[in-house]
Every structure is written in structure tokens, then in C-alpha cells.
Ligand code: BDR
Ligand code: CA
């Protein structure tokens, strides 16, 4: 069994990733830690519980994490994910926040990893604030994590939020910097351009959503707004010329479930620009090894789309 903590800012694509993890028979989810990001933290918490309810898994502990970035001005992606972060398709019977675990997400993360040293992988599909604060609070924490799967950053000096920055890194550049600096475990990065280049066809998306299940009907509802946005001219500019169904958070998750989903990757030291007027939050790849960093990240390049589609289909079955 693969032991995972999911660090999320649920978010339509985070919802897809959570559902993918829940459907995987080889995965044990030890907890879901919530972070600000796509939508204010309060919505992230509600949305995460809604996803667990649809999947009948409210037994999984959900933790309240950081509501603010370390230093950056708080932002969200309400235009893309809907004001509530889940497509503005509310559920009148949504579970209440009283179901949240009482422990704080950062402390819970540290404790869970401490109880299972070297065994727990973390899949982070949100700004990296919770992970960075955990590393600051307990410097032994990053050393005990088995592996890290991050959806975030950019590889071609272009992004989806600023001229050259991807949302999760731009939303908390200092946190991304700290995490890429402190964690020495295998660190897999599904950057923005990778997810665009490996996006799927809209006809697959139709097939995926038309499964006759409550999970598929839920996804249809929450995804309608984002799907419309993905087809606008403005958004298509962000997609590095590949206009398809892009479920970026699911790539980080899929790699954690089955490493053969990633068929080609590159090992390179990475860091994050913290100062540039136009480049703050941009991921920088040290191809020339000028930083002399011992630890290299594993940058995903190509994916086995067949395997990925299967994991997506299973998520809504
Ligand atoms: C990332 O930012 C968020 O909008 C998504 O949930 C994803 O994690 C893409 O840049
Ligand atoms: Ca996300």
C-alpha cells in the first residue's frame, strides 16, 4: 500500500485528483491537508468534504491548514474554478465544517510523517505554504518524507498566472522556494507546460463524464464552468498551443499511484525566482548546474496517456 497525504486547495482539478486517489486500490490516504489557493481556505475545506461525501469517504481526516501565503499577497483563481472554487454548483446538503479534524494541518502532517518515517509520500496540488511552514516548524520533517509529488511551476518561462509564473508557485513563491530547498527526497514535478502538452481530447472528457454514476454526475456539475473557460481565447493562450482537456493536478497524483505513468523525465536542480518584477514566482531550471545544488528534482516530460486515462475513468466509476 502507498501511504499518501494529499495537500490540496480544492479546486475542480484538485477534486479530480482526490477522487483518483480514493479510487486507487494500492493507496491509503492518511489525511487531506487543506491550504489557501484556488479559493479562500474556508471554501477549500467545504469543497474537500463535499468530494469525500460523494465518494462515501468522510472517514478520511481533513485538516485546516494555512489561510495565507508566507509573504505574498493572497490571490485566488475564482474566475477559473468558480467563486466557491467548485464551479458555483452548490450542494444544499453539503457536510458541515464540524466534521473537520481538530488538529491543524501543518502539525498533523508533521505527526503523521513522524509516526511513519520514510513511508509517507505527499502529493501537493496547492500553493506550498503548508509544506514550507511544516519544514520551518520541524527541520527533521522534510528528511522523513518518502517522496514528494508537486503540481506546480513552469519549465518554459511561461505560466498561467503571470507572464512566466504558474498559479501554485506564484500564489506563494517563498513557500515554493523553501520546499525546493529543504526536501531532499525524490521530488517529482508536474509543471504547467507538462500538463498542457499531455492534455487529453475533449471527446475523452465527454466519455469520462458520461459514466452512469453519482461521481460522474457530480463532476459534470462542478466542471461545467471551468470547461467553458478552457475553451475561451484568453485561456487557450495559456495552453502552450495544445487545446485539450487539461487535468493538471491529476498528473501529480497519477505519478504517485503508478510511477510508470511518467515515461520520460529530466533530473535537474530547480529553484524559484523571488525578486523579479515580471518573474517573481517563476520556477528556474539550473540546466548548467551553476547553483551546485546536490539535490535534483525530477521534472516530468511525457506521460503514458493510456494509463492516465484508465486512472481517470476509475476515479468516477
Ligand atoms: C494549478 O493552480 C490551480 O488553479 C489548480 O488547482 C492547479 O493546482 C494550476 O496552475
Ligand atoms: Ca490545485
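Residue numbers (full-length UniProt numbering): 1 to 317. We put the CB at the ideal spot given by N, CA and C, even for glycine. From a predicted model like this one, the values you see are computed outputs, not experimental measurements.
Within 10 angstroms of the Cβ of residue i, are there 16 or more other Cβ atoms? Answer buried if so, exposed if not.
{"i": "residue 214", "result": "exposed"}
{"i": "residue 160", "result": "buried"}
{"i": "residue 49", "result": "buried"}
{"i": "residue 228", "result": "exposed"}
{"i": "residue 127", "result": "buried"}
{"i": "residue 198", "result": "buried"}
{"i": "residue 137", "result": "exposed"}
{"i": "residue 1", "result": "exposed"}
{"i": "residue 73", "result": "exposed"}
{"i": "residue 306", "result": "exposed"}
{"i": "residue 241", "result": "exposed"}
{"i": "residue 150", "result": "buried"}
{"i": "residue 166", "result": "buried"}
{"i": "residue 69", "result": "buried"}
{"i": "residue 129", "result": "buried"}
{"i": "residue 14", "result": "buried"}
{"i": "residue 76", "result": "buried"}
{"i": "residue 84", "result": "buried"}
{"i": "residue 289", "result": "exposed"}
{"i": "residue 173", "result": "buried"}
{"i": "residue 26", "result": "exposed"}
{"i": "residue 98", "result": "exposed"}
{"i": "residue 59", "result": "exposed"}
{"i": "residue 81", "result": "buried"}
Please indicate yes or no: does the CB of residue i lie closer than 8 Å to some heavy atom of ligand 2?
{"i": "residue 48", "result": "no"}
{"i": "residue 168", "result": "yes"}
{"i": "residue 126", "result": "yes"}
{"i": "residue 172", "result": "no"}
{"i": "residue 8", "result": "yes"}
{"i": "residue 283", "result": "no"}
{"i": "residue 313", "result": "no"}
{"i": "residue 249", "result": "yes"}
{"i": "residue 20", "result": "no"}
Please indicate yes or no: does the CB of residue i lie closer than 8 Å to some heavy atom of ligand 1?
{"i": "residue 66", "result": "no"}
{"i": "residue 37", "result": "yes"}
{"i": "residue 225", "result": "no"}
{"i": "residue 130", "result": "no"}
{"i": "residue 14", "result": "yes"}
{"i": "residue 194", "result": "no"}
{"i": "residue 160", "result": "yes"}
{"i": "residue 11", "result": "yes"}
{"i": "residue 82", "result": "no"}
{"i": "residue 151", "result": "yes"}
{"i": "residue 269", "result": "no"}
{"i": "residue 77", "result": "yes"}
Assuming residue i contacts residue j under a Cβ cut-off of 8 Å, what Cβ separation, rounded to an integer in Å, is found between them?
{"i": "residue 184", "j": "residue 143", "result": "7 Å"}
{"i": "residue 105", "j": "residue 34", "result": "6 Å"}
{"i": "residue 119", "j": "residue 3", "result": "5 Å"}
{"i": "residue 291", "j": "residue 263", "result": "Incorrect: roughly 28 Å between the Cβ atoms, too far for contact."}
{"i": "residue 46", "j": "residue 94", "result": "6 Å"}
{"i": "residue 281", "j": "residue 169", "result": "5 Å"}
{"i": "residue 182", "j": "residue 135", "result": "5 Å"}
{"i": "residue 284", "j": "residue 273", "result": "6 Å"}
{"i": "residue 200", "j": "residue 17", "result": "Wrong, their Cβ atoms sit about 15 Å apart, outside the cutoff."}
{"i": "residue 96", "j": "residue 226", "result": "26 Å between Cβ atoms; not a contact."}
{"i": "residue 244", "j": "residue 189", "result": "Incorrect: roughly 21 Å between the Cβ atoms, too far for contact."}
{"i": "residue 22", "j": "residue 29", "result": "7 Å"}
{"i": "residue 221", "j": "residue 124", "result": "Contact flag wrong, Cβ pair sits at about 26 Å."}
{"i": "residue 301", "j": "residue 267", "result": "In fact, because the Cβ distance is near 11 Å, the residues do not count as touching under 8 Å."}
Residue ranges of each beta strand (DSSP E) within the region 92–140, 3 or longer: Whole beta strand (DSSP E) segments, 3+ residues: 120–124.
Query raised in the report: Which residue spans inside the region 190–231 form an unbroken alpha helix (DSSP H) run of at least 4?
Result: Segments of the alpha helix (DSSP H) lying fully in the region 190–231: 192–197, 202–209 and 214–230.
- prompt: Which ranges would you report for the alpha helix (DSSP H) in the region 144–171 if only whole runs of at least 4 residues count?
  reply: DSSP runs (the alpha helix (DSSP H)) wholly in the region 144–171: 167–170.
Report the start-end ranges of each beta strand (DSSP E) in the region 242–314 that is 3 residues or longer and not cut off at the edges.
Fully contained in the region 242–314 are the following beta strand (DSSP E) runs of length 3 or more, in chain order: 262–268, 270–272, 283–285 and 297–303.
Can you give, in chain order, each stretch of the alpha helix (DSSP H) that sits fully within the region 44–96 and has at least 4 residues? Within the region 44–96, the complete alpha helix (DSSP H) runs of at least 4 residues are 78–81.
- Message: Suppose only complete runs of 4+ residues qualify. What are the alpha helix (DSSP H) ranges in the region 11–50, listed by chain order?
- Response: For the region 11–50, whole alpha helix (DSSP H) runs of length 4 or above, ordered along the chain, are 12–23.
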